[in-house]
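In UniProt numbering, the protein residues as written are 3 to 227. Structure first, commentary second.
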Ligand code: ADP
Ligand code: ADP
């Protein structure tokens, strides 16, 4: 896994300070939840790590090296959003293969990696299904596979399961933990749901009003339902 360091990270939108002097470390292989109420700066922080938004203060380092000058499409990160954002005209396997084809990996190797990845997310049977015909949970499995097949150093997820019902959410949490534990990819999981953060993460980073309001193991954040 990769060590992520956020150092004095800041972002303003006009008069709104979305992220304010955020300094924190996520250890190699961590499964970290970025927790806090709506509007506290979680998505902005994730988008800065991904390279989708430029910070106006501070630095982001992967294993000690600043990534701020690395363009989004070259950052070694996998991204999963609340909406799966799949390519609707492609089938499951072609959605997962897309990034590998962009990298001009040869056909045999692409096929091998896609097949292995589909097994890992339990979608091997649906490889040739059009993604328009999938359920919400299946769509998010494709999104996870598409992100992980590129073997990113860092996996970034923004409320990935919040559109699923409670049973599916629990299933997807188990699957994501398993995928993380197999690959040891440093994972940042954005959620506003404290119970979900406690359930899935090894470490929780709490943001309030763009500022670091606490960090530690999930037990520290557990409140009796
Ligand atoms: P969260 O993900 O925790 O809900 P966000 O990072 O989306 O929070 O937003 C943090 C703050 O920044 C909020 O006040 C939000 O309204 C504001 N914000 C986010 N993106 C923009 C933008 N593109 N333009 C203006 N304000 C924004
Ligand atoms: P999330 O709940 O994931 O933060 P939102 O629905 O708040 O998502 O925001 C969706 C998009 O709108 C994001 O790209 C965010 O940066 C942008 N955004 C959020 N708040 C504002 C705002 N106050 N003004 C302009 N854009 C915003």
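Think of the CB as a built atom: it goes at the ideal place given N, C-alpha and C, for glycine as much as any other residue. Since the structure is predicted, the reported quantities are computational estimates derived from the model, not experimental observations.
Quick one: which unbroken beta strand (DSSP E) runs of 3-plus residues sit fully inside the stretch 48 to 104? Chain order, please.
59 to 64 and 79 to 82
- Do you know how far the Cα of residue 90 is from the Cα of residue 61? 36 Å
What residue does the alpha helix (DSSP H) around residue 200 start on, and which one ends it? 196 to 202
Item to complete: Collect the residues with a C-beta less than 6 Å away from any heavy atom of ligand 1 and give them in sequence order along the chain.
Response: 15, 18, 20, 38, 40, 41, 42, 43, 44, 45 and 46
| What's the gap between the Cα of residue 92 and the Cα of residue 151? | 17 Å
Classify residue 209: buried if its beta carbon has 16 or more other beta carbons within 10 angstroms, exposed otherwise. buried
* To do: Give the DSSP bridge partners of residue 9, in chain order.
  => 61
*Run through DSSP, which three-state label would residue 111 get?*
helix
With 16 as the cutoff for other CB atoms within 10 Å, does residue 160 come out buried or exposed? buried
Label residue 199 either buried or exposed according to how many other C-beta atoms from any shown protein chain fall within 10 Å of its C-beta, with 16 as the threshold for buried. buried
Exposed or buried, residue 124, counting other C-beta atoms within 10 Å across all chains shown (16 or more means buried)?
exposed
### Task
Out of 63, 138 and 146, point me to the one whose CA is closest to residue 157's CA.
146
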